[in-house]
Amino acid sequence: MLHLLWLIPLLPLVGFVVNGLLGGRVLPRRVVTVVGCGTVLLAFLVSLGAVASLSDLEGAAASPEGLQVDAAAHRVVQEVGTWLPLGPGPDGTALSVSWGFALDPLSAVMLLVVTGVGFLIHVYSAGYMAPEPPAAYGRFFAYLNLFMAMMLTLVLGSSLPVLFIGWEGVGLCSYLLIGFYYDRPFDAATGLTCADAGRKAFITNRIGDMGFVLGMLMLFGAAGTLDVQGILGQVGTLGGAVCTAAALLIFLGVCGKSAQIPLHVWLPDAMAGPTPVSALIHAATMVTAGVYVMCRMAPLYQAAPEAMTVVAVVGGLTALFAATIGLLQDDIKKVLAYSTVSQLGYMVMAVGVGAFTAGVFHLMTHAFFKALLFLGAGSVIHAMSGEQNIRRMGGLGRYLPWTHGTFLVAGLAIAGIFPLSGFFSKDEILWMAFDRSKLLWLVGAAGAFLTAFYMTRLYIMVFHGDERFDDETRHHLHESPRSMTVPLVVLAVLSFAGGWIGIPKALAPGIPNLFERYLSPVFAAGGAAHGEGHGLAAAAAHAVHVPVGLELGMMALSMIIALFGIFLGWVFYHARPDTPARWAESARGLYRVVVNKYFVDEIYGRIILTPYYALCRAASWFDRYIVDGAVNGAGYFTLGTSYTSVGFDTYIVDGLVNLTGYTVRGASWVFRRFQTGIVQSYATAMVLGIFILVSVYLLTTAP
Amino acid sequence: MPVDFFLVIAALLFTIGSVGVLIRRNAIVMLMCVELMLNAVNLTFVAFAQEGQRMTGHVFAFFVMTVAAAEAAVGLAIVIALFRRRRTTDVDNASLMRW
C-alpha cells in the first residue's frame, strides 16, 4: 500500500473539488455526505494499509516503484514529480524541490490521528450541520475536505516547501471555516463578526508563517537543500548560531499555528466557527501541526539548546496562563478553547525539554479527548437550541445521557486520571519536565491542577445541579441523533484506552512502552547523534539511573493534584456554590483582569493595531492625495496644456489664417475701388501710369 | 521756326484732349477729344517731318487720319447703339462692370 501514499492527500482534495463545484446545488444532500465522509474514510483506510506496510519494511520488496526505502530509519519516501527545478546550486549540483511524501513512524501516528479523528468528525458534522441549507452544507463539507487534504500534505511532506503548502493551506481553511457564518455577528462585547474572527486567525497565523518562512530560507541558505532529511542530516555542520536562529524562527511559526503566547489570541475567537470545526481544526489537527513540525525537526532543535529553553518556557507559561483564563470563562466553547491553548502549551513544553515522544503522545491523546469535548459541547449547544453560556445551563445530564457520559470520560481524561489516556501522556510530560527543571514541573503541575478544576467546573455547571434555563428551551432538549452520538462513543473509548499503548516501563515493568518503541527510530537516532542530554535516548539512559520509586512517586503526585483539583471544583460549584462569587468579590481586581483575558487583545489593539491603522490611514491618505493627486495632477496639467493649445490654435494659428483673410479682404476693399465700371476712370489710370513711366524713364536716363 | 513751338502746341492739344476724354461725360464729346488727341499726334508727326526733311512723317499722318476716320465711325455707331438702349449718352451710367 505504500506506493499509494500520494493518494492519501489527494482523496479529500477530490472530495473538495466535487463538493465544492457540485455539492451545493446539484448533488443531493446524501451524496454530499457520502463524498465528504467517504473520501476521508478511504484516506484513513489507505493510511492504515500504508502504516501496516511500514512496519513490515524489511519484508517488502526493495525500492518498489518510485519509493525510496530507508529501512534503518523506518522511512519511506515517494517522489511524485519535480515541482521547482531550481537550477544548479553553489556546488554545481542541480537543486530542485519535488512533490515528495514521506512516511515514518512519526507521520504514521499523525496520519492515523488526522484521518481517524477527522473521519469521526465528518460523520458528526453530517448530523450537526443537517439544519443548514444545501448550499451551506455542501460548502462546509468542501472546506472540511480541503482542510483534510492540506493537513495530510503537511503531515506527509518530505520537503519543507511541500510541508509549507499544507501549513498555509490549513491556515486558509481555518479562515474559511471560522468565518463560515460570514454574515453573523460573533461577540457582542467587542463587535467582532465571524468574518472578523476568521481574519484574525488568518492574520495571526501569517505572523507566525513569516517566521516559518524565514527559518526555512535560513536553513536553505545554510544547508543548500529544502528536503527535510537533507537538512536534518547536515544539522551537525550548520553551526550553533544558524541552528538556534532557524529553530527560533520556526518556533515563531509554531506559536502562530499552535496558539502559544503571544500569538494565542486567535484561538478563542476561532470559536465563532461551527463546533465540528473547533473540534477538528482547533483541537485535534491544525493546532498540533506546530508540535508535529518541531518533532519533525527534532535534530535541529537538539542542536540548539537555547532555542529548546525558549520553547519550554513559552510552552510552560502558555499552559499555565491559558488555564487561568479558562477558569473564568462562561462560554462552553471558550473554556475548551483556552483549555486547548493550555494543553498545546504542554505539548510545546514537552518538545522544549526534549521529550518529543511524550509531546506526540499527548498530541494523540489530546486529539481524542479534546475532539470529544468539543463534539460533546456541540451536542449540548445543539440540544440547547444555540445557547452557549454555561450560566444558563445546568442539570443537562438527565436529558443528554450519551453526551453526558462521553463528556465525563473526556473530562477525566484531560484531568489526567488513571487509567485514562490523558494520565499517561500528561504524566510523562511532567516527569520529563521534572527531570529538566523543577520550576517547569511546578508550572506544569499548577496547570494540571487548574485543568482538573476548570473541567470539573464546566462539567458541573453544564450537566449537574439546578436547571438555569427556561421551559421553552427545556421543551427542545433532546439527545443528538446517532450520527452525532456514535462518534462521541468511539472517541470516548479512545480517550479511555488510548493511553494504554504508552504505559511507562516504571509502572508495568513487564509491558513494553509500545508507543515509545514505535517512535524510537525517529527520535533515538537524533538523540544518539547529538548526545547533549536532551535526546530521548540520553533521557532513557538517564532514566535508568533514576530510581523507579521516584517516577512512581511523581505519578502518584500527579494523580493527587488532579484529584485535588476535581475535589475543589466539586466544592466550589456543587457543595458550596456561593464560593466562587465570594472569592471573586474578595479579589475583585485580579478577578477582573483574568476574566478579561489579561486584556491581551486590548493591549495588542492599543500597542499594535492602533498605530498600524494610523499607518494604514496615512498610507491611504498618501495614496489618495499624493499618488492620485499626481495622477490627477497630470490629468489636470494635460487639461491645462490642452486649453492653452486650444487657445493657441484658436487665436494664433486660426488667427493667422483669418488674418490672411482679413488682409485680403481689406486689400480687396481697397482695390475694389478701382473697378468702377466707368471707362473713364480706367483711362485715367492708364494715362497716369504712362505719365509716371515716361517720367521715370526720362529722369533716370541722363540727358 | 524752331520745331519746339509745334511740339509744345501738339503737347498742349494732346493734354487737353486726354483730359477731356477723362473728364467729359458726354460720349460724343469724348469722341471729339479723341479726335483732338489724334490731331495733336498728326501735328507732331508733320513737324518732325518738316524738320528732318523726310517723308515718313507725312505718310504716317495719312495713316493716322485714316484710322481716325474709321475709328470715329465705329465710335459713333457704338454711341448710337448705346443711345437707343438708354436714351442718354452719359457714360457714367455704363458701369455695370463695377464691383
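So the sequence lines, in the order shown, correspond to chains R and B.
Each residue of the first sequence is one higher than the one before, counting from 1 in the working numbering.
Each residue of the second sequence is one higher than the one before, counting from 1001 in the working numbering.
The beta-carbon is built from N, C-alpha and C at its ideal position, and this holds for glycine as well.
These figures come from a predicted structure and were not determined experimentally.
Sequence-distant Cβ neighbours of R:Pro185 in its own chain, meaning closer than 7 Å and more than five residues away, are Thr193. Distance from the Cα of R:Phe449 is smallest, within the candidate group R:Leu430, R:Phe463, R:Gly465, R:His464, for R:Leu430. Contact of R:Thr644 with chain B is not assigned, every C-beta pair being separated by 8 Å or more. Between the C-alpha atoms of R:His74 and R:Leu519 there is a straight-line separation of about 10 Å. Closest in alpha carbon position to B:Leu1013, among B:Ala1040, B:Val1059, B:Thr1089, is B:Ala1040.
Excluding its 5 nearest sequence neighbours in each direction, R:Phe637 has no C-beta neighbour in its own chain below 7 Å. Under the DSSP assignment, B:Val1091 falls outside any beta strand (DSSP E); it carries neither an H nor an E label. Relative to R:Leu2, the option among R:Leu249, R:Val69, R:Val694 whose CA is nearest is R:Val69.
Judged by DSSP secondary structure, R:Val670 falls outside any beta strand (DSSP E) and instead within the alpha helix (DSSP H) spanning 654-672. With 16 or more other Cβ atoms from the protein chains shown falling within 10 Å of its own Cβ, R:Ile414 counts as buried.
According to the DSSP assignment, R:Leu67 belongs to the beta strand (DSSP E) that extends over 67-70.
R:Asn389 has R:Asp331 as its beta-bridge partners, per DSSP. With distances taken between CA atoms, R:Ala245 lies nearest to R:Leu219 out of R:Leu219, R:Leu659, R:Asp471, R:Asp269. Here the stretch 170-179 of chain R makes no contact with the stretch 24-39 of chain R; the two share fewer than three CB pairs at distances below 8 Å.
Residues of the stretch 1009-1043 of chain B with a C-beta atom less than 7 Å from some C-beta of chain R are Ser1018, Val1021, Leu1022, listed in chain order. Taking every protein chain shown into account, the CB of R:Tyr137 has 16 or more other CB atoms within 10 angstroms, so this residue is buried. Listed along chain R is no residue with a C-beta nearer than 9 Å to that of B:Arg1087; the closest approach is about 19 Å.
A straight line joining the alpha-carbon of R:Ile325 with that of R:Tyr338 spans about 7 Å.
As DSSP reads the structure, R:Phe101 sits in a beta bridge with R:Gln78, R:Gly157. Here the stretch 396-408 of chain R makes no contact with the stretch 274-286 of chain R; the two share fewer than three CB pairs at distances below 8 Å.
With its beta carbon less than 8 Å from one in chain R, B:Arg1098 belongs to the interface. Boundaries for R:Asp427: no beta strand (DSSP E) harbours it, while the alpha helix (DSSP H) harbouring it runs 421-436, taken from the DSSP string. One Cα belongs to R:Gly256, the other to R:Ser125, and the distance between them is close to 27 Å. Within 10 angstroms of the beta-carbon of R:Ile381 lie 16 or more other beta-carbons, which makes it buried.
Under the Cβ criterion of 8 Å, B:Val1079 is not counted among the residues facing chain R.
When beta bridges are read from the DSSP output, R:Gly87 appears opposite R:Leu95. Within the stretch 139-186 of chain R, no beta strand (DSSP E) run of at least 3 residues lies entirely inside it.
Within the stretch 1056-1081 of chain B, no residue has a Cβ lying closer than 7 Å to any Cβ of chain R. Judged by pairs of C-beta atoms under 8 Å, the stretch 310-319 of chain R touches the stretch 437-456 of chain R, as three or more such pairs exist. Contact residues of the stretch 674-701 of chain R toward chain B are Gln675, Thr676, Gly677, Ile678, Val679, Gln680, Ala683, Thr684, Val687 (C-beta to C-beta distance below 7 Å).
The Cβ neighbour count for R:Lys438, taken over all protein chains shown within 10 Å, is under 16; the residue is labelled exposed. Comparing alpha-carbon positions, the option among R:Leu488, R:Arg457, R:Gly395 lying closest to R:Arg468 turns out to be R:Gly395. Going by DSSP, R:Thr204 is part of the alpha helix (DSSP H) stretching over 194-223.
Just measuring C-alpha positions, the residue of R:Gln329, R:Leu327, R:Val291, R:Arg296 sitting nearest R:Ala312 is R:Val291. At a Cβ-Cβ threshold of 8 Å, R:Val254 and R:Val293 count as neighbours.
B:Asn1026 is bridged by DSSP to B:Asp1090.
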